[in-house]
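Engineer: The following block contains the structure, expressed as structure tokens.
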Amino acid sequence: MKLLVGLGNPGKEYEKTRHNMGWRVLDALKLDFHLEKKFQAEIYVKTGRDLSPTDKPFILCKPQTFMNNSGMAVRAVADYYKISPSDIIVIHDDKDLPLGTIRLRKKGSSGGHNGVQSIIDHLGTSSFTRLKIGVANELTEKNDTTQFVLDKFSKAEEKLLPKIILGAIEKLNLPIV
Numbered sequence: 001m002k003l004l005v006g007l008g009n010p011g012k013e014y015e016k017t018r019h020n021m022g023w024r025v026l027d028a029l030k031l032d033f034h035l036e037k038k039f040q041a042e043i044y045v046k047t048g049r050d051l052s053p054t055d056k057p058f059i060l061c062k063p064q065t066f067m068n069n070s071g072m073a074v075r076a077v078a079d080y081y082k083i084s085p086s087d088i089i090v091i092h093d094d095k096d097l098p099l100g101t102i103r104l105r106k107k108g109s110s111g112g113h114n115g116v117q118s119i120i121d122h123l124g125t126s127s128f129t130r131l132k133i134g135v136a137n138e139l140t141e142k143n144d145t146t147q148f149v150l151d152k153f154s155k156a157e158e159k160l161l162p163k164i165i166l167g168a169i170e171k172l173n174l175p176i177v
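By UniProt numbering, the letter at position 31 of the sequence shown is numbered 31, and the numbering carries on one by one without gaps.
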């Protein structure tokens with residue numbers, strides 16, 4: 001079983017921020033799999049028969065902790081469903097990559113991302129997959145990092161997001177195996 005974790009912050013005020021790219025990808029996946037119900041406690045657990053043409057079970061998880069405490073939620077879900085770190089995929093924003101750049105990494109440091117660092121700390125390992133989605137623009141270097149990732153995308157950037165999100169989903173190489 002795979003655990004797909006989209007990082008983000010709970011609350012309406014954060015919905016369209018750069019830091020919520022992980023949640024936006026999971027919301028798109030939910031639509032792709034024709035899940036009409038809302039995320040229950042923002043964790044959606046189904047077997048592949050319900051979700052995937054390959055019948056592979058997986059979990060979509062949107063932690064309801066704030067970003068910097070994401071590791072608590074990921075650890076709790078991984079422990080409950082007995083999922084090893086090697087079967088976890090964390091989808092998150094990356095302020096150091098240009099908008100729309102997508103990178104898949106099997107392990108590594110947090111790269112300064114507090115949500116990823118929290119997961120590393122709580123799992124006790126950095127050996128889990130990350131799908132990094134670039135959110136940087138010309139203002140990245142000029143703004144405070146915290147403020148930048150909590151800012152909303154511009155209208156022009158927002159128009160690019162459906163294509164970026166689709167690219168992220170394609171990079172995941174679904175169906176889940």
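By construction, the Cβ of each residue, glycine as well, lies at the ideal position given by its N, Cα and C atoms.
Tell me whether S86 is buried or exposed, calling it buried when 16 or more other Cβ atoms sit within 10 Å of its Cβ.
Structural biologist: Reading the sequence shown from its first residue, position 86 is the one you call residue 86. Under this definition S86 is an exposed residue.
Engineer: Considering only the alpha carbon of each residue, which of D96, L161 and V90 lies closest to L123?
Structural biologist: Position 123 of the sequence shown, counted from the first residue, corresponds to residue 123. Looking at the Cα atoms, V90 is the closest of the given residues.
Engineer: Within this structure, are the beta carbons of I119 and A28 separated by less than 8 angstroms?
Structural biologist: Counted from its first residue, the sequence shown places residue 119 at position 119. Counted from its first residue, the sequence shown places residue 28 at position 28. Not in contact: I119 and A28 (Cβ atoms no closer than 8 angstroms).
Engineer: Across which residues does DSSP place T101 in a beta bridge pair?
Structural biologist: As a first step, residue 101 must be located in the sequence shown, where it is residue number 101. Partner(s): none; T101 has no beta bridge.
Engineer: For H92, list the residues DSSP reports as bridge partners.
Structural biologist: As a position in the sequence shown, residue 92 is number 92, starting the count at 1. H92 pairs with K132.
Engineer: Taking only the alpha-carbon atoms, compute the straight-line gap between D151 and R130 and give it to the nearest angstrom.
Structural biologist: As a first step, residue 151 is located in the sequence shown; it is residue number 151 there, counting from the start. As a first step, residue 130 is located in the sequence shown; it is residue number 130 there, counting from the start. The alpha-carbon atoms of D151 and R130 are separated by roughly 22 angstroms.
Engineer: Roughly how many whole angstroms lie between the Cα atoms of G112 and A78?
Structural biologist: Here residue 112 is taken as the residue at index 112 of the sequence shown, counted from 1. Here residue 78 is taken as the residue at index 78 of the sequence shown, counted from 1. Cα to Cα, G112 sits roughly 23 angstroms from A78.
Engineer: Please confirm whether T17 and V149 have their CB atoms less than 8 angstroms apart.
Structural biologist: As a working mapping, residue 17 is identified with position 17 in the sequence shown. As a working mapping, residue 149 is identified with position 149 in the sequence shown. For T17 and V149, yes; Cβs fall inside 8 angstroms.
Engineer: Considering L3, what are the terminal residues of the beta strand (DSSP E) in which it resides?
Structural biologist: Indexing the sequence shown from 1 puts residue 3 at position 3. Per DSSP, L3 belongs to the beta strand (DSSP E) from K2 to G6.
Engineer: Taking the DSSP output, what are the residues bridged to K152?
Structural biologist: Counting from one through the sequence shown, the residue named residue 152 turns up at place 152. In DSSP, K152 forms a bridge with T17.
Engineer: Note the first and the last residue of the continuous alpha helix (DSSP H) segment covering I119.
Structural biologist: For the purposes of this step, residue 119 is taken as residue 119 along the sequence shown, with counting starting at 1. Here the alpha helix (DSSP H) through I119 covers N114 to L123.
Engineer: Classify S70: buried if its beta carbon has 16 or more other beta carbons within 10 angstroms, exposed otherwise.
Structural biologist: For the purposes of this step, residue 70 is identified with residue 70 of the sequence shown, where counting begins at 1. Buried: at least 16 other Cβ atoms inside 10 Å.
Engineer: By the 10 Å Cβ neighbour count, where 16 or more other Cβ atoms means buried, how is D144 classified, buried or exposed?
Structural biologist: As a working mapping, residue 144 is identified with position 144 in the sequence shown. With fewer than 16 Cβ atoms within 10 Å of its Cβ, D144 is classed as exposed.
Engineer: Taking the alpha-carbon positions, what's the F153 to V135 distance?
Structural biologist: Working through the sequence shown from its first residue, we reach residue 153 at position 153. Working through the sequence shown from its first residue, we reach residue 135 at position 135. So the alpha carbons of these two residues sit roughly 9 angstroms apart.
Engineer: Can you tell me where the alpha helix (DSSP H) with D79 in it begins and where it stops?
Structural biologist: Against the sequence shown, residue 79 aligns to sequence position 79. That run of the alpha helix (DSSP H) goes S70 to Y80.
Engineer: Comparing alpha-carbon positions, which option in G11, T101, R103 and K30 lies nearest L60?
Structural biologist: Here residue 60 refers to the residue found at position 60 of the sequence shown. Answer by Cα proximity: K30.
Engineer: Drop a sphere of 10 angstroms on the beta-carbon of A156, count the other beta-carbons inside from all chains shown, and report buried for 16 or more, exposed for fewer.
Structural biologist: By one-based count along the sequence shown, residue 156 stands at place 156. Counting Cβ neighbours within 10 Å, A156 comes out exposed, since fewer than 16 surround it.
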